[in-house]
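Following our numbering, the residues of the sequence shown are numbered contiguously, the last one being 1302.
Just so it is clear, CB atoms sit at the ideal spot from N, CA and C, and this is done for glycine as well.
Model, not experiment: these values are computed from the prediction.
These notes are about the structure you will find just below.
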Amino acid sequence: MASFDIDGDLVRKLADLLRETGLSEIEFAEGEKRIRVTRPTAAQAVAVHAPVAAPAPVAAAAAAPAGKPVSHPGAITSPMVGTAYAAAEPGGTPFVRVGDTVKAGQTVLIIEAMKVMNPIKAPRGGTVVEVLVSDSQPVEFGEVLMIIE
């Protein structure tokens, strides 16, 4: 296998991006090279310092709030880690609001990841019944962003 030179500047930029967004991990891939930068989260720190297993159920309950399951047929989940934006520009009109009717393929949010704006499109038509993220909020892979019924 070829040697892999670590790009210190890239690692620093990724670490800065973690601090700016509040995310716990970020990964960069180019060809066969991959760099993953992580930082401990509050839940990890509690689990490391507390021998009691009580904090784990609380964290699990917070990660999957009742009534907002990923398995909801109208759930739109984040396909990546990044920052969600409700509008095309700061202070702009949101793409959708609760109660709006959307068509399949319509842009409902944008997620910025690695300085790239990625449109998130409605997988099906329907009515937006819940928006679970706010503008400029960091999101994790698989996080429920909104529900369309």
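Exercise for the section: Just tell me which of Ala1257, Arg1277, Tyr1238 has its CA closest to the CA of alanine 1269. Expected result: Indexing the sequence shown from 1 puts residue 1269 at position 116. First, the amino acid is wrong: residue 1269 is valine here, not alanine. Looking at the Cα atoms, Tyr1238 is the closest of the given residues.
Practice task
Buried or exposed for serine 1224, please, with buried defined as at least 16 other CB atoms from any protein chain shown within 10 angstroms of its CB.
Solution key: Taking the first residue of the sequence shown as 1, we reach residue 1224 at position 71. Result: exposed.
Practice task
Report the residue from Gly1235, Ala1241, Gln1259 whose alpha carbon sits nearest the alpha carbon of glutamate 1296.
Solution key: Taking the first residue of the sequence shown as 1, we reach residue 1296 at position 143. Residue Gly1235 is the option with its Cα nearest to glutamate 1296.
Practice task
Under 7 angstroms Cβ to Cβ from serine 1231, same chain only, skipping five residues before and after it: list those, please.
Solution key: Mapped onto the sequence shown, residue 1231 falls at position 78. Excluding sequence neighbours, serine 1231 sits near Ile1264, Val1292, Glu1293, Phe1294, Gly1295, Glu1296, Leu1298.
Handout entry: Closest residue to glutamate 1302 among Gln1290, Asp1288, Ser1289, Val1284 (Cα-Cα distance)
Key = The residue you call residue 1302 lines up with position 149 of the sequence shown. The shortest C-alpha separation from glutamate 1302 is found at Val1284.
Practice task
Going by CA-CA distance only, name the one from Asp1288, Arg1277, Gln1290, Ser1289 that's closest to isoleucine 1300.
Solution key: Here residue 1300 corresponds to residue number 147 of the sequence shown, with the count starting at 1. It is Arg1277 whose Cα lies nearest to the Cα of isoleucine 1300.
Exercise for the section: Have a look at glutamine 1197 and methionine 1233 and give me their C-alpha separation to the nearest angstrom. Expected result: Position 44 of the sequence shown, counting from 1, holds the residue named residue 1197. Position 80 of the sequence shown, counting from 1, holds the residue named residue 1233. Only weak support exists for where glutamine 1197 lies, its pLDDT of 45 falling under 50; the value from the coordinates is given anyway. C-alpha separation (whole angstroms): 21 angstroms.
Problem - Rounded separation between methionine 1267 and alanine 1182 - CA only - result: Within the sequence shown, numbered from 1, the residue matching residue 1267 stands at position 114. Within the sequence shown, numbered from 1, the residue matching residue 1182 stands at position 29. The straight-line gap from Cα to Cα measures roughly 11 angstroms.
Handout entry: Rounded separation between arginine 1172 and alanine 1257 - CA only
Key = Taking the first residue of the sequence shown as 1, we reach residue 1172 at position 19. Taking the first residue of the sequence shown as 1, we reach residue 1257 at position 104. Their backbone Cα atoms lie some 35 angstroms apart in a straight line.
Problem - glycine 1279 at chain D interface by Cβ criterion, 8 angstroms - result: Given the protein chain composition of this structure (a single chain), no chain D is represented.
Exercise for the section: Could you tell me whether the Cβ atoms of glycine 1244 and glycine 1279 are closer together than 8 angstroms? Expected result: If you number the sequence shown from 1, residue 1244 lands on position 91. If you number the sequence shown from 1, residue 1279 lands on position 126. Their beta carbons are not under 8 angstroms apart, which means glycine 1244 does not touch glycine 1279 by this criterion.
Practice task
Sort out for me which residues DSSP pairs glutamate 1293 with in a bridge.
Solution key: Translated into the one-based positions of the sequence shown, residue 1293 becomes position 140. In DSSP, glutamate 1293 forms no bridge with anything.
Practice task
Determine the direct distance from the alpha carbon of glycine 1175 to that of threonine 1254, and round the result to whole angstroms.
Solution key: Against the sequence shown, residue 1254 aligns to sequence position 101. Against the sequence shown, residue 1175 aligns to sequence position 22. Answer to the nearest angstrom: the Cα atoms are 32 angstroms apart.
Handout entry: Continuous beta strand (DSSP E) stretch holding glycine 1279: start and end
Key = Your numbering for residue 1279 matches position 126 in the sequence shown. Taken as a continuous stretch (DSSP letters only), the beta strand (DSSP E) holding glycine 1279 covers 1279-1284.
Practice task
Tell me whether isoleucine 1159 is buried or exposed, calling it buried when 16 or more other Cβ atoms sit within 10 Å of its Cβ.
Solution key: Within the sequence shown, numbered from 1, the residue matching residue 1159 stands at position 6. Isoleucine 1159 should be labelled exposed.
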